[in-house]
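Student: Questions regarding the structure given below will be posed in turn.
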Amino acid sequence: MSRRDELAGNLDAVRVRIEAACAAAGRDPGEVGLVVVTKYFPPSDVRLLADLGVRDVGENKHQEAQAKAADCADLSLVWHFIGGLQSNKAAAVAAYADVVESVDRPKLVSGLNRGAGERDAVLDCLVQVSLDPPGASGRSGADPSDVPGLADAIAAAEHLRLAGVMAVAPLGEPARPAFERLAQVAERLRADHPEAATVSAGMSGDLEEAIACGATRLRIGSSVLGPRPSIQ
Ligand SMILES: *Cc1c(COP(=O)(O)O)cnc(C)c1O
Numbered sequence: 000m001s002r003r004d005e006l007a008g009n010l011d012a013v014r015v016r017i018e019a020a021c022a023a024a025g026r027d028p029g030e031v032g033l034v035v036v037t038k039y040f041p042p043s044d045v046r047l048l049a050d051l052g053v054r055d056v057g058e059n060k061h062q063e064a065q066a067k068a069a070d071c072a073d074l075s076l077v078w079h080f081i082g083g084l085q086s087n088k089a090a091a092v093a094a095y096a097d098v099v100e101s102v103d104r105p106k107l108v109s110g111l112n113r114g115a116g117e118r119d120a121v122l123d124c125l126v127q128v129s130l131d132p133p134g135a136s137g138r139s140g141a142d143p144s145d146v147p148g149l150a151d152a153i154a155a156a157e158h159l160r161l162a163g164v165m166a167v168a169p170l171g172e173p174a175r176p177a178f179e180r181l182a183q184v185a186e187r188l189r190a191d192h193p194e195a196a197t198v199s200a201g202m203s204g205d206l207e208e209a210i211a212c213g214a215t216r217l218r219i220g221s222s223v224l225g226p227r228p229s230i231q
């Protein structure tokens, strides 16, 4: 089977899962966007995906993302940066990303704003929310109590647009209660910022739970591209 056929079959299978989960939740599949996470996979796969109708792709490492976005610049894709971000790299990420889903601290805001301004673009930003228990080690994302302040800082930046929230389900805990907490954080955010309606949650292993809890965007890697090399 060609790589194109493999990706096409995997994409179809993911779309079937999304439709089933939406049917079970009484939701319209049209409200659930799909970002295909292409990290660790070559630009040739991004090209095949674009040819198969994928418009949104996700990357989590700056250097890899920058190179791939340059390589695929002719495809007019929407690049989502979904990884941990160093503040000294924020402006550089804003130079190619169309959406940064992993804004987890106020320190990133000025660099992102500067990078977007230099490109004369408006950069969509999501606040990454930690769903880990308070004090857990290795948590990424803002504490829910810090979300309103961070959201205000993004909304006030000239070249940034506050688009909503993003989260990854914590390890070692069922995804559903975590995504329910995220839905509450998202609802509170919309009270202050009605335009910030995106809820990015759900990966290959938990897209059904995310859809049940109101996710409007899924980030799917391995179910479309296959297993990643194990060294991450
Ligand atoms: C890798 C990654 C994904 C995709 O994960 P899969 O389990 O391969 O679908 C989604 N979100 C983030 C933040 C990631 O780093």
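All letters in the sequence shown, in the order written, are residues 0 to 231 by numbering that gives the first Met the number 0. For glycine and all other residues, C-beta sits at the position ideal for the given N, C-alpha and C. Given the structure is predicted, the values throughout are model-derived calculations rather than measurements.
Which residue from Glu-30, Val-13, Ser-222, Gly-110 puts its Cα closest to that of Gln-85?
Tutor: Considering only alpha carbons, the answer is Gly-110.
Student: Mind pulling the alpha helix (DSSP H) runs of 4 or more residues that sit fully within the region 97-141?
Tutor: Counting whole runs of 4 or more residues, the region 97-141 contains the alpha helix (DSSP H) stretches 108-117.
Student: On the criterion of 16 or more Cβ atoms from any shown chain inside 10 Å, does Pro-228 qualify as buried, or is it exposed?
Tutor: Pro-228 comes out exposed.
Student: Taking the beta strand (DSSP E) that Ser-144 falls in, what are its first and last residues?
Tutor: First-last for Ser-144: undefined, no H or E at that position.
Student: In whole angstroms, what separates the C-alpha of Leu-159 from that of His-192?
Tutor: Approximately 14 Å, taken between the alpha carbons.
Student: By the three-class DSSP mapping on this structure, what secondary structure does Gly-148 have?
Tutor: Gly-148 falls in the helix class under three-state DSSP.
Student: In the DSSP assignment, what are the bridge partners of Ile-219?
Tutor: DSSP lists Val-35 as partners of Ile-219.
Student: Tell me, please, which residues DSSP counts as bridged to Asp-55.
Tutor: For Asp-55, which the question treats as bridged, DSSP gives the partners Val-77.
Student: Using a threshold of 8 Å, is the CB atom of Asn-9 nearer than that to any non-hydrogen atom of ligand 1?
Tutor: The answer is no for Asn-9.
Student: For Ser-199, write down the residues that DSSP places opposite it in a beta bridge.
Tutor: Partner(s): Met-165, Arg-216.
Student: Nearest-angstrom Cα distance between Ile-153 and Ser-43?
Tutor: Distance between the alpha carbons of Ile-153 and Ser-43: 34 Å.
Student: Ignore the nearest five residues each way along the sequence and tell me which others in Pro-132's own chain have a CB closer than 7 Å to its CB.
Tutor: None.
Student: Using DSSP bridges, identify the partner residues of Leu-10.
Tutor: Partner(s): none; Leu-10 has no beta bridge.
Student: Taking the CB atoms as reference points, tell me whether Pro-105 and Ala-135 lie closer together than 9 Å.
Tutor: No. Outside cutoff.
Student: For Gly-225, name the three-state secondary structure that DSSP assigns.
Tutor: Correct three-state label for Gly-225: coil.
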